[in-house]
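Peer 1: I have a structure here, written as structure tokens, and I will follow up with some questions on it.
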């Protein structure tokens with residue numbers, strides 16, 4: 001299978017707009033964007049039908065709603081990605097629910113995890129955990145032990161047993177030193193040939209590029225476990241945690257380029273006045289995953305272009321609405337999908353905060369920057385008011401301090 005490489009992802013720099021270099025932009029706003037626009041975007045990969053119809057991928061992935069990973073095929077909106085990542089914050093309300101907030105132009109937008117999952121068309125119920133570690137033991141230390149995302153995770157022994165792993169080597173060279181692997185450190189070569197295809201598909205649309213592809217991150221091993229065990233997995237939780245992690249790392253690639261196009265479309269449907277022409281949709285080269293036996297010559301790879309005009313891509317796509325009930329049967333997710341307008345109307349209303357805009361003479365780049373920062377800092381208080389105010393304040397404090405003790 002022709003894998004994506006760091007060379008592929010570095011090509012995204014050719015279309016990332018340099019907002020900081022716009023003539024007349026203030027140093028304050030230029031600095032605001034510069035750290036983001038110098039990063040690469042992890043677009044994701046388009047998956048060939050022949051690939052996901054092989055080795056039970058379609059059946060097993062659909063059972064846990066991971067079919068979203070081989071159905072994604074979107075253009076990229078670079079400026080929207082920059083605006084999103086330059087201001088996104090992830091917080092927890094007093095009930096322990098994740099809240100993702102960001103500002104697009106002058107609109108401050110707050111989404112619950114369920115809303116975020118609905119918009120991106122990814123599962124937002126099931127097992128939830130996030131860690132960047134390799135060792136399977138890190139899952140236990142990273143899981144939430146109380147609240148809405150409390151999860152009864154499988155043990156490392158459960159994961160190794162269900163994945164039918166067989167140790168192929170004990171020692172590994174890391175930075176010129178020989179290191180003895182623990183039983184909880186899984187190498188990619190220990191997976192069966194079928195499972196290696198599952199791993200590649202999940203890695204390239206959930207984890208991105210970079211890192212050591214010869215070993216299996218703990219969270220990826222857990223996802224494979226859920227595929228085999230047909231356990232629901234909260235992909236929205238993982239996405240939001242990884243977005244938060246990438247935002248905090250000044251050198252990390254910006255993940256989920258194709259998935260964020262769905263968020264872009266949603267925002268432009270709800271706030272059509274924001275669709276003012278600055279968000280160009282990139283007609284870019286997309287390299288699909290392909291079966292090894294149908295692998296094209298190296299010179300021909302990546303030449304097929306994914307062409308979507310700005311107008312058609314804005315309204316393109318269908319959705320599969322998920323309900324909060326984990327017991328929805330599979331047939332519900334396979335039902336005919338509604339139109340984009342019906343889908344948007346089926347979501348809970350977006351939460352956002354209005355404010356009076358200053359007059360043109362008062363509105364400078366500096367005042368806008370200060371207003372954005374203030375609004376982001378007010379997110380937590382806004383959600384306390386929305387969900388019951390000081391009524392649950394004592395419960396919120398208890399939850400905060402219990403997390404700090406972990």
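In full-length UniProt numbering, the protein residues as written are 1 to 406.
Ideal Cβ placement from N, Cα and C applies to all residues, glycine included.
Cα separation between residue 36 and residue 221?
Peer 2: 30 Å
Peer 1: Kindly identify the DSSP beta-bridge partner or partners of residue 233.
Peer 2: DSSP, once it has assigned bridges, lists 127 as partnering residue 233.
Peer 1: Buried or exposed, going by whether 16 or more other CB atoms sit within 10 Å of the CB of residue 273?
Peer 2: exposed
Peer 1: For the alpha helix (DSSP H) that contains residue 263, what are its first and last residues?
Peer 2: 257–270
Peer 1: Using 10 angstroms around the beta-carbon of residue 121, count the other beta-carbons present and answer buried if the total reaches 16, otherwise exposed.
Peer 2: The residue in question, residue 121, is buried, as its Cβ has 16 or more Cβ neighbours within 10 Å.
Peer 1: In angstroms, rounded to a whole number, what distance separates the CA positions of residue 51 and residue 289?
Peer 2: Residue 51 and residue 289 have their alpha carbons spaced roughly 7 Å apart.
Peer 1: Grab the span of the beta strand (DSSP E) containing residue 11 for me, first residue to last.
Peer 2: For residue 11, there is no enclosing beta strand (DSSP E), as DSSP marks it with neither H nor E.
Peer 1: Quick check on the DSSP output: the beta strand (DSSP E) that includes residue 98 runs from which residue to which?
Peer 2: 98–104
Peer 1: Okay, do the segment 51–64 and the segment 243–251 touch, 3+ Cβ pairs below 8 Å being the bar?
Peer 2: No: the two stretches stay apart, fewer than three of their Cβ pairs being nearer than 8 Å.
Peer 1: State buried or exposed for residue 177, treating a residue as buried only when at least 16 other CB atoms are found within 10 Å of its CB.
Peer 2: exposed
Peer 1: Given residue 313, which residues of its chain have a CB within under 6 Å of its CB, disregarding the five upstream and five downstream residues?
Peer 2: For residue 313, the predicted structure reports a pLDDT of 35, less than 50, and the residue's modelled location is therefore unreliable. The matter cannot be settled from this model.
Peer 1: Can you tell me where the alpha helix (DSSP H) holding residue 111 begins and where it ends?
Peer 2: Run containing residue 111: none in the alpha helix (DSSP H); it sits in the beta strand (DSSP E), 107–112.
Peer 1: What does the alpha-carbon distance come out to for the pair residue 24 and residue 47?
Peer 2: 43 Å
Peer 1: Please classify residue 25: does DSSP put it in a helix, a strand, or coil?
Peer 2: coil
Peer 1: Please state whether DSSP places residue 42 in a helix, a strand or coil.
Peer 2: Looking at residue 42 - three-state DSSP - the assignment turns out to be coil, as it is neither helix nor strand.
Peer 1: Please return the same chain residues whose Cβ sits closer than 7 Å to the Cβ of residue 166, not counting the five positions on each side in sequence.
Peer 2: Closer than 7 Å at Cβ, skipping near neighbours: 190.
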